[in-house]
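The structure appears below as structure tokens.
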Amino acid sequence: MRRLVHFFIYRVPLVMPTLMFFLKRVQYALLSFYKDPEDVQLIRTVAREKRMLLQPLEAHTILSLARMQSSLEGDLAEVGVFQGASAKLICSVKGDRTFWAFDTFEDGLQDVSDADTHGGFAFFKSGQYESSQEKVTSYLAPYPNVEIRPGYFPESAGEAADREFSFIHLDVDTHDSTLACFRYFWPRLVAGGIMLTHDAHADGVGRAIETFAAESGGRWFSTTGSQVAFVK
């Protein structure tokens with residue numbers, strides 16, 4: 093039954109966009125009823141300005157966690173910036189904390205393998221989600237202490253290797269990249285630090301979560317939507 097549902101979502105034209113259209117409307121209604129109007133307006137604004145590959149509830153989770161974690165010592169970072177939508181949410185609440193933005197930008201996805209499916213169906217493609225470093229830099233220019241690093245992570249980490257972090261957002265889509273990011277950032281998280289990954293429902297990312305949970309013994313929880321967070 094589950095595979096049949098996946099087939100209709102990922103293979104039948106118009107099913108996915110129609111589903112997402114109504115899902116977003118419902119989620120915005122829920123956010124408008126329960127949450128701070130300014131937060132909801134910010135999410136709506138960002139979604140209009142950029143292609144935001146997040147559900148509204150997922151965007152609110154990022155905003156809430158980034159705000160909370162900014163009270164701790166340590167930098168904040170995102171790997172998988174795309175057009176900068178979630179990066180702007182983080183920057184809007186980080187204060188003077190340093191924010192690191194890592195992405196391949198014009199090169200798009202680089203390590204797609206046969207493991208990176210959705211419900212057993214091929215989904216991601218090499219070069220997918222290419223973006224412009226120049227446009228992201230301009231988009232985040234109003235915020236202080238933003239470090240943008242192009243290239244394949246963690247090779248692109250550079251001086252971030254010597255930093256500690258309170259909040260990490262990962263949206264790298266593939267098994268290999270997700271697991272590499274987990275292993276890189278975990279020892280660099282401060283006590284109470286949070287590492288949040290998107291696309292937890294994707295087969296490859298899901299396996300990376302299972303592998304890292306087993307080898308690290310880290311505590312983790314699943315949020316509404318397709319996110320999983322590890323807590324140091």
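Numbering follows the numbering used here, in which position 39 of the sequence shown is assigned residue number 131; successive positions increment by one, without gaps. Just so it is clear, CB atoms sit at the ideal spot from N, CA and C, and this is done for glycine as well. The model shown is predicted, which means the values in this text are computed figures rather than measured ones.
By the DSSP assignment, the alpha helix (DSSP H) with residue i in it spans what residues?
i	result
Met-287	Note, Met-287: premise wrong, no alpha helix (DSSP H); beta strand (DSSP E) at 281-290.
Ala-300	295-308
Leu-164	From DSSP, Leu-164 is part of no alpha helix (DSSP H); its letter is neither H nor E.
Asp-268	267-277
Ser-178	177-183
Pro-109	107-126
Tyr-231	225-231
Suppose you measure from the CA of residue i to the CA of residue j; what does that come to, to the nearest Å?
i	j	result
Glu-251	Pro-105	45 Å
Ala-158	Phe-259	6 Å
Gln-161	Trp-312	16 Å
Thr-110	Arg-117	11 Å
Cys-183	Thr-137	14 Å
Leu-123	Leu-149	7 Å
Asp-254	His-210	35 Å
Phe-245	Asp-128	35 Å
Leu-232	Ala-179	8 Å
Ile-240	Ala-305	29 Å
Glu-307	Ile-301	10 Å
Arg-275	Ser-230	31 Å
Val-228	Ser-156	22 Å
Asp-188	Glu-130	20 Å
Ser-223	Leu-145	13 Å
Identify, in the order they occur along the chain, each residue of the same chain with its Cβ nearer than 6 Å to the Cβ of residue i, setting aside the five sequence neighbours on each side.
i	result
Gln-225	Phe-197, Pro-242
Asp-195	Val-173
Pro-190	Note on identity: in this sequence residue 190 is Thr, with Pro being the wrong assignment. Within the same chain, Thr-190 has close Cβ partners Asp-167, Asn-237.
Gly-200	Gly-219, Gln-220, Tyr-221, Glu-222
How far does the beta strand (DSSP E) with residue i in it reach, from first residue to last?
i	result
His-261	257-262
Asp-131	Taken as a continuous stretch (DSSP letters only), Asp-131 belongs to no beta strand (DSSP E), being part of the alpha helix (DSSP H) at 129-141.
Ser-314	311-314
Phe-322	319-323
Val-238	238-242
Ala-193	191-195
Would the beta-carbon of residue i fall within 9 Å of that of residue j?
i	j	result
Ser-318	Ala-292	yes
His-267	Val-238	no
Ile-154	Leu-134	no
Trp-192	Ala-169	yes
Tyr-120	Phe-174	no
Leu-271	Thr-303	yes
Asp-265	Asp-206	no
Met-112	Gln-147	yes
Cys-273	Val-204	no
Phe-215	Ala-139	no
Which term fits residue i, buried or exposed, when burial requires 16 or more other beta carbons within 10 angstroms of its beta carbon?
i	result
Val-132	buried
Arg-143	exposed
Pro-234	exposed
Phe-125	exposed
Lys-217	exposed
Arg-280	buried
Gly-219	exposed
Gly-309	exposed
Excluding the 5 residues preceding and the 5 following residue i in the sequence, name in chain order all residues of the same chain whose CB lies nearer than 7 Å to its CB.
i	result
Phe-277	Phe-257, Ile-260, Met-287
Thr-315	Thr-153, Ala-321
Ser-248	Phe-194, Arg-241, Pro-242
Spatial neighbours of residue i within its chain, please: CB distance less than 8 Å, with the 5 preceding and 5 following residues excluded, ordered by chain position.
i	result
Val-282	Leu-164, Glu-165, Gly-166, Glu-256, Phe-257, Ser-258, Lys-324
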